[in-house]
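Enquirer: Let me give you the structure first, and then I'll get to my questions.
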Amino acid sequence: MRLSFDHDLVEAAYLALGPRRDPAREAIYEIGDPSARDAAFCYHVSEWFRAAGLEKRVRDAFAEWPMVIGACQEAVVRRVKNPADEMAELFRGGEGVARVGVGIRSARIADGTFVGFLRHELCHIHDMIDPAFGYPGPGAAGAGIEGSLHRERYGLLWDIVIDGRLGRRFPEDGGFAAALGRHQKALERGFGFLPEAEREGLFAALAAEDAPHHDRLWEIASDPRRRGAESGARMPGGACPVCGFTTFEWAESEAVAGAAKAIATEFPEWSSEEGCCGRCAELYAAVAGASVPATVLLPTRGGRATWGRVA
Ligand SMILES: [Zn+2]
Ligand SMILES: [Zn+2]
Numbered sequence: 013m014r015l016s017f018d019h020d021l022v023e024a025a026y027l028a029l030g031p032r033r034d035p036a037r038e039a040i041y042e043i044g045d046p047s048a049r050d051a052a053f054c055y056h057v058s059e060w061f062r063a064a065g066l067e068k069r070v071r072d073a074f075a076e077w078p079m080v081i082g083a084c085q086e087a088v089v090r091r092v093k094n095p096a097d098e099m100a101e102l103f104r105g106g107e108g109v110a111r112v113g114v115g116i117r118s119a120r121i122a123d124g125t126f127v128g129f130l131r132h133e134l135c136h137i138h139d140m141i142d143p144a145f146g147y148p149g150p151g152a153a154g155a156g157i158e159g160s161l162h163r164e165r166y167g168l169l170w171d172i173v174i175d176g177r178l179g180r181r182f183p184e185d186g187g188f189a190a191a192l193g194r195h196q197k198a199l200e201r202g203f204g205f206l207p208e209a210e211r212e213g214l215f216a217a218l219a220a221e222d223a224p225h226h227d228r229l230w231e232i233a234s235d236p237r238r239r240g241a242e243s244g245a246r247m248p249g250g251a252c253p254v255c256g257f258t259t260f261e262w263a264e265s266e267a268v269a270g271a272a273k274a275i276a277t278e279f280p281e282w283s284s285e286e287g288c289c290g291r292c293a294e295l296y297a298a299v300a301g302a303s304v305p306a307t308v309l310l311p312t313r314g315g316r317a318t319w320g321r322v323a
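First residue of the sequence shown: 13, per the numbering used here; consecutive thereafter.
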């Protein structure tokens, strides 16, 4: 597997960790020809990146996932600025040729958190490739609003089975246990419709799971009980009967009315007296307007991928 780094990332790492005084770099300023000078700078920081052992540490992180290495011809690690863009994506070309793209903030190189980050992200890619996980092919997952809401919950469940496994595999890294703590809080919000004991049991089972399967996670993510619980009550912190997420912002009845037709199309058993959260009202009103596909409004990850991740 060919591994390459975005020059931006290497340079940011150099600026953060490189030597304060670097006579070899200063000498490069003497080169008159601008493109030769740029090339020399580029070469200089790449050499530093290698000599500082950073390239090897990234390569070692990939080496922990033989299935990923075996399936992918190429991995490209590039710099992103927004934490929401930090993720690994799998691109499948024809004839089983696959590539991995990893977006990472340069601060992670500087503070060393890139190792734990890569372990988590590459575990996603490993699962996508592993036939035992059963990740669906292109276009298989739900594409509408309903699918997108399931995807958010699915992503959370997937993260739990990932960080649980990583915590056992790399016990010296406390980051995975900390992440599990955050996921448990998120599970309380996203699965507020489940009885507390069931939710705790679900969390414990997922965190201990060593052989997760896509279908099972998707089934939990699309639990039909998310409707109904506390519906009609419109309590702050209650579950929205449409998306199932805890909400503190119930939609005003006018907004519900504007979205009702579109909601009823997807949820025939829903009635406008049940209400919905502000976010659902906005989304479904936009669908009713029909000029923008609903999925465009939803937070998505990795929309560029020819075969992006479900979550
Ligand atoms: Zn994740
Ligand atoms: Zn909602």
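Cβ coordinates follow ideal geometry from the N, Cα and C atoms, glycine included.
Predicted model, so just to flag it, every value in this text is computed and none were measured.
Could you check what DSSP says for cysteine 288 in three-state terms: helix, strand or coil?
Expert: coil
Enquirer: For the alpha helix (DSSP H) containing cysteine 252, name the first residue and the last one.
Expert: Unbroken run through cysteine 252: none, as it is neither H nor E.
Enquirer: For the stretch 111 to 119 against the stretch 78 to 88, do three or more pairs of beta-carbon atoms, one drawn from each stretch, fall closer than 8 Å, so that the two count as touching?
Expert: yes
Enquirer: Can you tell me where the alpha helix (DSSP H) holding methionine 79 begins and where it ends?
Expert: 78 to 83
Enquirer: Across which residues does DSSP place serine 16 in a beta bridge pair?
Expert: According to the DSSP secondary-structure assignment, serine 16 is paired through a beta bridge with Val88.
Enquirer: I need the boundaries of the alpha helix (DSSP H) containing leucine 206, first residue and last residue.
Expert: Counting along the chain, leucine 206 falls outside any alpha helix (DSSP H), and DSSP gives it neither H nor E.
Enquirer: Taking 7 Å as the limit, name every residue whose beta carbon sits nearer than that to some heavy atom of ligand 1, in sequence order.
Expert: His132, Glu133, His136, Gly167, Trp170, Asp171, Ile174
Enquirer: Ignore the nearest five residues each way along the sequence and tell me which others in arginine 71's own chain have a CB closer than 8 Å to its CB.
Expert: These residues qualify, in order along the chain: Leu15.
Enquirer: Within 10 angstroms of its Cβ, does glutamate 42 collect 16 or more other Cβ (buried), or is it exposed?
Expert: exposed
Enquirer: Going by beta carbon distance, what residues of the same chain come within less than 7 Å of glycine 179, once the five residues before and after it are set aside?
Expert: Phe188, Ala189, Leu192
Enquirer: Between the C-alpha atoms of tyrosine 166 and tryptophan 230, what's the straight-line distance to the nearest angstrom?
Expert: So the alpha carbons of these two residues sit roughly 6 Å apart.
Enquirer: Would you kindly report the start and end of the unbroken alpha helix (DSSP H) that includes arginine 71?
Expert: Per DSSP, arginine 71 belongs to the alpha helix (DSSP H) from 66 to 75.
Enquirer: Of all the options Phe257, Glu294, Ala96, which has the alpha carbon lying nearest to the alpha carbon of glycine 270?
Expert: Residue Glu294 holds the alpha-carbon nearest to the alpha-carbon of glycine 270 among Phe257, Glu294, Ala96.
Enquirer: Just to check, is the beta-carbon of valine 254 closer than 8 Å to a non-hydrogen atom of ligand 2?
Expert: yes
Enquirer: What's the C-alpha gap between histidine 225 and tyrosine 147?
Expert: One C-alpha to the other measures close to 8 Å.
Enquirer: Whole-angstrom Cβ separation of methionine 13 and cysteine 84, contact assumed at under 8 Å?
Expert: Taking a contact as a CB-CB distance under 8 Å, the pair methionine 13 and cysteine 84 counts as one, their CB atoms being some 5 Å apart.
Enquirer: Under 6 Å Cβ to Cβ from glycine 204, same chain only, skipping five residues before and after it: list those, please.
Expert: Ala251, Thr258
Enquirer: Taking only three categories from DSSP, how would you classify phenylalanine 188?
Expert: helix
Enquirer: Quick one: Cα of glutamate 281 to Cα of alanine 198, how far?
Expert: 28 Å
Enquirer: Just the Cα atoms here: how many angstroms apart are leucine 66 and serine 58?
Expert: Whole-angstrom Cα-Cα distance: 10 Å.
Enquirer: For phenylalanine 260, is the classification buried or exposed, using 16 other Cβ atoms within 10 angstroms of its Cβ as the cut-off for buried?
Expert: It is exposed - the Cβ of phenylalanine 260 has fewer than 16 other Cβ atoms within 10 Å.
Enquirer: Phenylalanine 129 and glutamate 98: beta carbons closer than 9 Å?
Expert: yes
Enquirer: Is it the case that the CB of threonine 259 approaches a heavy atom of ligand 2 more closely than 8 Å?
Expert: yes
Enquirer: Round the Cβ separation of alanine 25 and isoleucine 121 to the nearest angstrom and send it over; I've been treating them as touching at under 8 Å.
Expert: 4 Å
Enquirer: Helix, strand or coil for alanine 100? Go by DSSP, reduced to three states.
Expert: strand
Enquirer: Can arginine 237 be considered in contact with ligand 2, in the sense that its beta carbon sits closer than 8 Å to one or more heavy atoms?
Expert: no
Enquirer: Give the straight-line distance between the Cα atoms of glutamate 266 and glutamate 200, rounded to the nearest whole angstrom.
Expert: 29 Å
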